[in-house]
Amino acid sequence: MNNLHLTNSLTNKKEIFNPISKEKVSLYACGPTVYDSPHVGNARALVVFDLLFRILIELYGKQKVKYIRNITDIDDKIIEASKNKKIAISDLTILITKKFHKDCEDLFCLKPTKEPKATDHVNGMIKMTEKLINKKVAYETKGHVYFSVASFKNYGKLSNKNPNDLKAGARVEVSKLKKDPLDFVLWKPSDKNDPGWDSPWGRGRPGWHLECSVMSEKYLGSNFDIHGGGLDLIFPHHENEIAQSCVYNGTEKFANYWVHNGFVTMNKEKMSKSVGNITTIEDATKKYSGQVVRLSLMSAQYKQPLDWNNELLVEQSKTLDKWYSMYSSEVSEKTPECFKDLLDDMNTPLYISKLHELFQQSQNGIKDKKKEFNKACRLIGLFNESIEDRAKFKKSRIEISEKYILSKIEDRNRAKKDGNYKLADQIREELNKEGIDIKDEKGKTSWNYK
RNA sequence: GGCCACGUGGCGGAAUGGUUACGCAGAGGAUUGCAAAUCCUUUUAUUCCAGUUCGAUUCUGGACGUGGCCUCCA
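Using the working numbering, the first residue of the first sequence is number 881, and each one after it goes up by one.
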């Protein structure tokens, strides 16, 4: 496979990816709402689109790919969280944004080309709302502005939903201000104490969907290549984005390809804050390291569910330990052969199986395979930390000192010399329990953090 | 109720109209004082029923099961 293929949610089919221009390839991914620590579910989307970014860079060149990932820093959940935690909104959003950036770094995600914030684009959102009202697809009632879904003929195309079915199945309390239960908010009034901006409809704040329409248009144009996000954003978020943007821009097409990642689950159930079954990225990376978390997130193809459990993490940990024995700063220049597996709708499990193969060939000393293996690992964001840094991380997890370890090893070697293998084995086992691996090779004893 | 995805060996997880995935675990061997690590060899699978076909795990239909969206969510 020489061309990138992606499953396009618009058609629900795997399609050949043809960018609008090879000189300017565009990717927009929905970023976090900064109200609470990001969890592993968020990490999956982060890693999936980071990987897609890397693939596009490999294909078209770093300078030619634009990757925009927004930060939602105004939202009802943020207001609520700031009240509950008794923290000022700006303090909260700054704190969580910092945490998010730390998580991105720990997971070895490349920085997006731009990371626009919603609050920096409120004017654009007001302008978009005004234009939608002028175009008669939006209406104002009592300081609220709604988008009229009935005025957009393609509504439901992305999520494969029939607006009539949606009405029949509506199980949410519908605001009386709406003309139609399906209509969604572009602008709403803010209470005195809540954040708000002056607008033609009074002091208020934007609806959630609006920001992505405004920011994608500003940085990528009215028609761009790929829009990504989690499966749960298809409806209503992305559906509403399409409706707004197409009417606003007067275009038929918004994003040409929609790519959606599957969920991380816990015991087969979706990991989500509302269910309460979350692991934060911070906790996961502290316990297992960012690389192991990253590798684990790539162990299933991005559209499939991925169950998060200790066995998975332990297994990937072992794999990475093994692979690190072939770590090298000498990296092949060439794109590895197995890159084609990534081109096939980002088939990471197949790609990883090729890494195992390359590892084995490197181990067996086959020419240039070690360089190729190192290149292939780096291509998907692995091997970004040196052996020393990795050892440092492992060291941070154990309590005993290096001095103590060395003295114990000396004790053990003495016991071995004396033929007291029982004592030697006992010492080895003790160190093992403390998180230290011992090996005797060619008459020399070496040790490593587990 | 509407729509969608999925059901592969002990576990995770790819692929495929006929032929080895891969990893972990298990078994045997090399190595080792014994281990560990590594290498070599190896056992185990396509939910059920019907159809299309010379042949189906793969295509079609149905059954059963699991999960998701339809409300904030990655």
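For every residue, glycine included, the Cβ atom is placed at its ideal position computed from N, Cα and C.
Please report the distance separating the alpha-carbon of Y1137 from that of Y1284.
Their backbone Cα atoms lie some 57 Å apart in a straight line.
If we require 3 or more residues per run, which beta strand (DSSP E) segments fall completely within the stretch 1007 to 1064?
1018 to 1021, 1024 to 1027, all fully within the stretch 1007 to 1064.
Pull up the DSSP beta-bridge partners for K1319, would you.
DSSP output for K1319 lists S1326 as bridge partner(s).
For T891, which of S1242, L1038, D953, V1002 has the nearest alpha-carbon?
That would be L1038, whose Cα lies nearest to the Cα of T891.
For K957, which option in H981, V914, L1057, N1040 has the closest C-alpha, if you only look at C-alpha atoms?
Measuring from the Cα of K957, the nearest candidate turns out to be V914.
Three-state secondary structure (DSSP) at W1203?
In the structure shown, W1203 sits in a helix (DSSP, three-state: H, G or I).
From what residue to what residue does the beta strand (DSSP E) around N888 run?
That run of the beta strand (DSSP E) goes 885 to 888.
Give a yes or no on contact between the stretch 936 to 947 and the stretch 977 to 985, applying the rule of three or more CB pairs nearer than 8 Å.
Contact between the stretch 936 to 947 and the stretch 977 to 985 is absent, because fewer than three Cβ pairs lie under 8 Å.
Could you check if S962 belongs to the surroundings of the ligand COA, using beta carbon to heavy atom distance under 7 Å?
Among the components modelled here there is no ligand, and therefore nothing to report on the ligand COA.
In this structure, how does DSSP classify M1146 when only helix, strand and coil are distinguished?
In this structure, M1146 counts as strand in the three-state DSSP scheme.
What's the C-alpha gap between Y1182 and K1255?
When rounded, the distance between both Cα atoms is 22 Å.
Where does H1089 fall in DSSP's three states?
Looking at H1089 - three-state DSSP - the assignment turns out to be coil, as it is neither helix nor strand.
Rounding to the nearest angstrom, what Cα-Cα distance links S1176 and C984 in this structure?
S1176 and C984: Cα-Cα distance of roughly 15 Å.
From the DSSP output, read off the bridge partner residues of N1141.
BP columns for N1141 point to G1110.
Hey, would you say E903 sits closer than 8 Å to K944, going by beta carbons?
Yes; because the gap between Cβ atoms is below 8 Å, this pair is in contact.
Quick check on the burial criterion: 16 or more other C-beta atoms within 10 angstroms. Buried or exposed for P1080?
Classification for P1080: exposed.
Please name the residue or residues paired with I854 in a DSSP beta bridge.
Past the edges of the chain, shown from 881 to 1330, lies residue 854, and the structure says nothing about it.
T952 and G921: beta carbons closer than 8 Å?
Not closer than 8 Å, so no.
Decide if V928 is buried, meaning its Cβ has at least 16 other Cβ atoms within 10 Å, or exposed.
Classification of V928: buried, given that the 10 Å Cβ count is 16 or more.
With a Cβ-Cβ cutoff of 8 Å, do M1095 and N950 count as a contact?
In this structure, N950 lies closer than 8 Å to M1095 by Cβ.
Taking the Cβ atom as the reference point for each residue, do S906 and L1100 lie within a distance shorter than 8 Å?
Cβ atoms of S906 and L1100: closer than 8 Å.
If contacts are defined as beta-carbon pairs under 8 Å, then S970 and E1162 qualify, I think. What distance do you get, rounded to the angstrom?
Contact flag wrong, Cβ pair sits at about 22 Å.
Using the rule of at least 16 other Cβ atoms within 10 Å of the residue's Cβ for burial, across every protein chain shown, is I1267 buried or exposed?
By the neighbour-count rule (16 or more Cβ atoms within 10 Å), I1267 is not buried but exposed.
What did DSSP end up calling K1247 once you bin it into helix, strand or coil?
It is coil, neither helix nor strand.
Please give me, in chain order, every unbroken run of the alpha helix (DSSP H) with length at least 4 that falls completely inside the stretch 1155 to 1232.
Runs of the alpha helix (DSSP H) inside the stretch 1155 to 1232: 1161 to 1168, 1170 to 1177, 1190 to 1204, 1219 to 1223.
Is the number of C-beta pairs between the stretch 1154 to 1170 and the stretch 1063 to 1070 that are closer than 8 Å three or more?
Short answer: they don't touch.
Can you name the residues that DSSP bridges to G1084?
Answer by DSSP bridge pairing, in chain order: P1069, W1077.
Quick check on the burial criterion: 16 or more other C-beta atoms within 10 angstroms. Buried or exposed for A1304?
Buried.
Measure the alpha-carbon distance for L931 versus G1261 and round it to whole angstroms.
Each residue's Cα considered, the two are about 8 Å apart.
Give a yes or no on whether the C-beta atoms belonging to H1140 and L1111 are separated by under 8 Å.
In contact: H1140 and L1111 (Cβ atoms closer than 8 Å).
Can you confirm whether the stretch 1100 to 1109 touches the stretch 1020 to 1034 when touching is taken to mean that 3 or more C-beta pairs between the two stretches lie within less than 8 Å?
Touching, no.
Need the endpoints of the alpha helix (DSSP H) that I959 sits in, please.
Residues 956 to 965.
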